[in-house]
Every structure is written in structure tokens, then in C-alpha cells.
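Going by UniProt numbering, 253 is the number at position 253 of the sequence shown; the sequence numbering is gapless.
We put the CB at the ideal spot given by N, CA and C, even for glycine.
The structure appears below as C-alpha cells.
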Amino acid sequence: MKKIGIVVILLLALAVRLYRLEVSSHFLSDESRDLVNMHQIWVEKKITLAGPISDDRSHMFSSLTYYLLLPFAVIYDFDPLGPVVGAVFWGMMTFCALWYLAVKINPGWWWITGLALAIWYPLVEISRWAWNPNFLPLWITLGLLSSGLKSGLALGLALHHHFLALIPAVWTLIKKRSLVTLLGFLMAVSPFVIFDLRHPPGLFWRQAVSYGQQTEKMSAKFLFEKAKVSFMGFERLMFTTKDEAILMILGFGLLGLGVWDLRNNRSNLFWLVGWILPILATVKFSAQWHYFLPSVPFFAVWLIGPRKRYGKLLACFIGLVLMVGSVVGLPKLWHQEIWQGNLQLARAATKIMAREIRGQKLVNANLAVLGSPDIYPAGKKYRDLLLVQEVRLKDYVEYEISDNLFVVTLADAKDIQKDPAAELLYFRKGPIAGVWQTGIDNWKVVQINRY
Numbered sequence: 001m002k003k004i005g006i007v008v009i010l011l012l013a014l015a016v017r018l019y020r021l022e023v024s025s026h027f028l029s030d031e032s033r034d035l036v037n038m039h040q041i042w043v044e045k046k047i048t049l050a051g052p053i054s055d056d057r058s059h060m061f062s063s064l065t066y067y068l069l070l071p072f073a074v075i076y077d078f079d080p081l082g083p084v085v086g087a088v089f090w091g092m093m094t095f096c097a098l099w100y101l102a103v104k105i106n107p108g109w110w111w112i113t114g115l116a117l118a119i120w121y122p123l124v125e126i127s128r129w130a131w132n133p134n135f136l137p138l139w140i141t142l143g144l145l146s147s148g149l150k151s152g153l154a155l156g157l158a159l160h161h162h163f164l165a166l167i168p169a170v171w172t173l174i175k176k177r178s179l180v181t182l183l184g185f186l187m188a189v190s191p192f193v194i195f196d197l198r199h200p201p202g203l204f205w206r207q208a209v210s211y212g213q214q215t216e217k218m219s220a221k222f223l224f225e226k227a228k229v230s231f232m233g234f235e236r237l238m239f240t241t242k243d244e245a246i247l248m249i250l251g252f253g254l255l256g257l258g259v260w261d262l263r264n265n266r267s268n269l270f271w272l273v274g275w276i277l278p279i280l281a282t283v284k285f286s287a288q289w290h291y292f293l294p295s296v297p298f299f300a301v302w303l304i305g306p307r308k309r310y311g312k313l314l315a316c317f318i319g320l321v322l323m324v325g326s327v328v329g330l331p332k333l334w335h336q337e338i339w340q341g342n343l344q345l346a347r348a349a350t351k352i353m354a355r356e357i358r359g360q361k362l363v364n365a366n367l368a369v370l371g372s373p374d375i376y377p378a379g380k381k382y383r384d385l386l387l388v389q390e391v392r393l394k395d396y397v398e399y400e401i402s403d404n405l406f407v408v409t410l411a412d413a414k415d416i417q418k419d420p421a422a423e424l425l426y427f428r429k430g431p432i433a434g435v436w437q438t439g440i441d442n443w444k445v446v447q448i449n450r451y
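This is the structure in C-alpha cells:
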């Protein structure tokens with residue numbers, strides 16, 4: 001019976017991560033840039049853990065995310081869906097690892113733990129989005145599960161996805177008190193240390209120190225308000241609600257459970273402090289939701305930790321609210337309309353442009369996104385997808401020397417040239433050479449020639 005239950009929970013977890021994946025998954029300029037970098041790694045066979053550097057040359061990324069997603073990108077021939085399927089795979093690994101960790105702490109609740117984690121909104125969302133910070137819970141969980149060198153390596157690899165992983169990593173290293181674990185951690189972060197030493201003043205660690213710093217005076221009142229905002233943001237992510245009254249009640253519930261643990265079960269304090277520390281760290285930053293991802297494994301294990309009497313009842317109440325919030329929130333995730341990141345639109349529009357540029361042998365073509373809710377007229381994600389297909393356009397600052405302009409738009413073709421956008425300055429009086437429907441709502445691709 002237990003085996004059947006495990007299989008059912010695994011299938012449920014997979015189903016909620018795959019449902020309407022292609023329709024509602026994110027595909028923004030970050031994801032398109034990553035696809036270009038993965039394609040470059042595959043073509044050039046250049047393996048490195050440090051890099052690439054951001055477009056503005058201000059900070060450096062790790063390549064670890066690319067290696068995790070590259071097999072799926074190759075299988076899907078670098079279609080934008082490939083990395084998203086990879087995110088589902090690694091999201092399932094995160095779910096399984098966290099479930100196993102929670103069951104080790106409280107074996108008697110294996111089924112309710114599995115059910116809750118299978119549908120828990122934060123875990124489902126990061127499993128449907130091929131974005132660098134979304135891998136944080138995986139490595140942190142593996143670091144908590146394992147020991148010795150493996151634990152240190154996993155904690156260090158978490159830092160490859162976001163520098164805020166340093167906080168739970170250091171807290172876990174203090175708990176483990178193992179020189180071998182520390183050695184593994186140092187081995188994992190060594191590529192960034194070596195890079196920064198070779199390229200002073202460095203990019204990775206300088207970013208970790210300076211990123212998102214507040215310019216306001218750090219008064220006690222300011223810090224309190226920032227801590228309050230950060231904690232409310234954490235609650236919104238964990239419980240999938242924006243209702244301030246509910247968040248306030250949950251806040252008192254979490255406080256009460258923490259006090260109960262302090263008085264009755266100090267074995268849970270490691271997990272309690274583990275999820276609070278990353279939240280406190282965001283007081284220094286303009287907190288964004290992904291800054292709370294390092295807290296996810298600690299919070300889940302803390303909530304499921306063994307308790308008696310009132311502590312158990314309070315934990316059950318908080319867990320029930322968590323599950324209800326996820327059940328209510330998942331349909332919104334499945335049916336969200338991401339106009340600026342529609343994967344299907346990006347694929348369809350670039351397929352049309354690549355076909356026409358090759359067929360017409362165009363050498364001075366350019367691209368703009370106009371007459372739509374998209375606020376990025378340069379169309380970077382379309383440019384990146386075309387680059388993966390080895391179709392090169394003029395740069396977004398080279399409209400003046402472009403002969404053909406492809407416009408991705410919702411507007412009627414006859415109205416496009418009336419748009420006051422600067423991108424059309426040299427194409428207002430040119431002929432419309434073609435109009436192609438993408439098949440995604442009313443989106444179309446319009447080709448305007450300069451002469």
C-alpha cells in the first residue's frame with residue numbers, strides 16, 4: 001500500500017508541473033539569453049564554471065544552470081521548450097529530495113508531507129521556469145541530506161545560482177562542523193575566487209557585496225519596516241496569498257510555533273533559524289520573491305518537524321493553510337497570461353522571420369515589437385532565438401542602415417506605420433512586403449521594406 005501511495009504522489013507532483021506547461025511557462029529575455037549561451041557551449045564545446053558576463057559587464061553568472069539544462073535543450077534541438085522540460089525534471093528531483101529529507105525528520109507523516117510538497121506552490125512554480133535562482137532549493141536540500149565532501153560541494157554549488165545561498169550554506173556548515181564539508185564547499189566556489197583574483201576588482205564577489213544595497217539611512221525604524229516587508233513577502237510566497245489579514249494571522253501563528261519550539265523542542269531550532277536568516281538578509285536589499293528561495297527547504301522541514309499537543313495542532317493549522325493556498329493558487333499559475341514571455345509566440349514569430357529572411361536572402365533585416373503590450377520594442381528574445389537558428393539581424397541601434405523591418409505586433413498591418421515609435425523612422429513610407437499570422441491570438445509578423 002505504501003508503494004502505491006508513493007507512486008500516486010509522484011504522479012500527482014509530475015502532473016501539476018507538466019499541465020499546460022508550454023502555454024503558461026515563462027520565456028523572457030533572461031531565458032532567451034540562456035538558450036543562446038547553451039547553444040554556444042554546445043557548438044564550441046568550451047567547458048567553464050565561471051561566466052558568462054552580463055550584457056552591461058557589471059557582474060558574472062555561473063554556467064552550472066546551462067549544464068543542468070543543456071541535455072534537454074539538445075534533445076529539443078534548442079527549442080525554447082527544452083530548458084523548461086529540464087526545469088520540470090530538476091524540479092521533480094528537488095521535490096523528491098525535500099520529501100526524503102522531511103520524512104527522515106518525521107517518518108510518521110510521510111504521506112501528508114509528500115502530498116503537501118507535491119502541490120506546494122513555490123516548488124511547482126520553480127519547476128516550470130528555467131531560471132537560474134530556481135535551482136537553489138535543490139542544492140541546499142542535497143547539502144542538508146548528505147554529509148562530508150558531498151554536502152560541502154552541494155552547498156557550494158547552490159552559490160552558483162545566487163549569492164544569497166551563502167547564508168544557509170554557512171549556517172549548515174556551522175551545524176555540521178566538518179573540515180571535509182568545508183573543503184567541499186571551498187572547492188565548489190573556487191572558480192569564482194580564481195576568476196576574481198585574475199580579473200581584479202572582480203565581478204562575482206563584488207556583486208555579492210554591492211547588489212541591491214539600500215541607499216537610505218539604516219535607522220532602527222527603517223530596518224524594522226524593511227524586516228516587516230521582507231517577512232510579508234516570504235509569507236506571500238509560502239502561502240500563495242496577498243490578503244494582509246491572513247498574512248498577519250499566519251505571522252502570529254509562525255511566531256507562536258517558533259516560541260513553542262524554543263520552549264519544548266529545541267531540535268527544530270536549526271531549521272527555524274535556517275529559514276529566518278535569509279529573510280533577515282533581504283533587509284539589506286530590495287527584496288524580490290526569489291531571494292526567499294534559500295529558505296524553502298528549511299521552512300518545509302521545520303513545519304513538518306515532530307511536535308506534541310499544541311505545537312502539533314498549530315503546525316497542522318499552518319500546513320493546512322499552506323495546502324489550501326496552493327490549491328487555490330495553482331490554477332492561476334496554469335492559466336497565467338505572460339504577454340511579455342509567451343513561449344509559443346516567440347517560437348512561431350521567429351520561425352516566420354527565419355523562413356522569410358533565408359528565402360528572400362535578406363542581409364540587412366531588423367526587428368521591432370510594436371503595437372502590443374510588450375514594452376521592449378527591441379525584441380531581444382526574438383533576436384536570441386534567431387541567433388540560435390544562425391539567422392543574424394542588424395543590431396537594435398542600426399535601424400538607420402537596415403533595409404527590411406520585421407514587426408511583431410497585435411495591430412493591423414495598415415496601422416503599423418502610423419505608430420510614432422522611433423524604430424519606424426526610416427520605414428514609414430516603405431511598402432508592406434508581407435503579413436503572416438502566428439496562430440497565437442491575433443499576433444502577427446509584418447515585413448516593411450525601406451524602399
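Could you tell me the boundaries of the alpha helix (DSSP H) in which residue i lies?
i: Lys418; result: Taken as a continuous stretch (DSSP letters only), Lys418 belongs to no alpha helix (DSSP H), as it is neither H nor E.
i: Leu367; result: Counting along the chain, Leu367 falls outside any alpha helix (DSSP H), though it belongs to the beta strand (DSSP E) covering Ala365 to Val369.
i: Gly86; result: Leu81 to Ile105
i: Gln344; result: Leu343 to Gly359
i: Trp436; result: Not the alpha helix (DSSP H): Trp436 falls in the beta strand (DSSP E), residues Ile432 to Gln437.
i: Lys226; result: Ala220 to Phe239
i: Ala300; result: Val296 to Ile304
i: Ala130; result: Note, Ala130: premise wrong, no alpha helix (DSSP H); not H, not E.
i: Ser178; result: Neither: Ser178 is in no alpha helix (DSSP H) and is coded neither H nor E.
i: residue 452; result: Because the chain in this structure spans residues 1 to 451, residue 452 falls outside the shown range and cannot be described.
i: Phe427; result: Where Phe427 is concerned, there is no enclosing alpha helix (DSSP H), given that its DSSP letter is neither H nor E.
i: Gly253; result: Glu244 to Asn264
i: Arg17; result: Lys2 to Leu18
i: Glu337; result: Per DSSP, Glu337 belongs to no alpha helix (DSSP H) and is neither H nor E.
I need the boundaries of the beta strand (DSSP E) containing residue i, first residue and last residue.
i: Gly406; result: Looking at the sequence itself, residue 406 is Phe, so the reference to Gly does not match. From DSSP, the beta strand (DSSP E) with Phe406 extends over Asn404 to Thr409.
Could you please give me the residues that DSSP links to residue i through a beta bridge?
i: Gln288; result: In the DSSP output, where bridge partners are listed per residue, Gln288 has none listed.
i: Ala50; result: Ser62
Report the three-state DSSP secondary structure of residue i (helix, strand or coil).
i: Ile167; result: helix
i: Ile448; result: strand
i: Glu398; result: coil
i: Asp374; result: coil
i: Trp271; result: helix
i: Asn37; result: helix
i: Leu159; result: coil
i: Tyr382; result: helix
i: Tyr67; result: helix
i: Val283; result: helix
i: Ile440; result: coil
i: Arg392; result: coil
i: Asp412; result: coil
i: Phe195; result: helix
i: Ser146; result: coil
i: Tyr76; result: coil
i: Trp120; result: coil
i: Phe27; result: coil
i: Leu115; result: helix
i: Leu138; result: helix
i: Leu362; result: coil
Assign residue i to buried or exposed, taking buried as 16 or more other Cβ atoms, counted over all protein chains shown, within 10 Å of its Cβ.
i: Trp289; result: exposed
i: Ser267; result: exposed
i: Leu222; result: First, the amino acid is wrong: residue 222 is Phe here, not Leu. That one is exposed.
i: Leu228; result: Just to set this straight, residue 228 is Lys in the shown sequence, not Leu. Classification for Lys228: exposed.
i: Thr48; result: exposed
i: Asp374; result: buried
i: Ile75; result: exposed
i: Met238; result: buried
i: Phe252; result: exposed
i: Ile276; result: buried
i: Arg20; result: exposed
i: Met1; result: exposed
i: Ala242; result: In the sequence on display, residue 242 carries Lys and not Ala. The residue in question, Lys242, is exposed, as its Cβ has fewer than 16 Cβ neighbours within 10 Å.
Original post:
Do the stretch 116 to 125 and the stretch 140 to 159 make contact, defined as three or more Cβ pairs closer than 8 Å?
Top reply: no
Subject >> Stretch-stretch touch, CB-based, cutoff 8 Å, three pairs: the stretch 125 to 144 with the stretch 166 to 176 >> reply: yes
Original post:
Is there contact here, the stretch 364 to 378 with the stretch 324 to 334, by at least three beta-carbon pairs under 8 Å?
Top reply: no
Original post:
Counting pairs of beta carbons, one from the stretch 87 to 104 and one from the stretch 126 to 135, are three or more of them closer than 8 Å?
Top reply: yes
Subject >> Three-pair Cβ contact test at 8 Å for the stretch 33 to 42 versus the stretch 100 to 114 >> reply: no
Original post:
Three or more C-beta pairs closer than 8 Å, one from the stretch 297 to 317 and one from the stretch 387 to 397: is that the case here?
Top reply: no
Original post:
Does the stretch 400 to 410 come close enough to the stretch 424 to 435 that 3 or more CB-CB pairs lie under 8 Å?
Top reply: yes
**OP:** Report yes or no: do the stretch 62 to 81 and the stretch 405 to 422 share at least 3 C-beta pairs separated by less than 8 Å?
**Re:** no
Original post:
Is there contact here, the stretch 350 to 365 with the stretch 6 to 20, by at least three beta-carbon pairs under 8 Å?
Top reply: no
Subject >> Inter-stretch contact (C-beta, 8 Å, three-pair minimum) for the stretch 269 to 283 and the stretch 291 to 298 >> reply: yes
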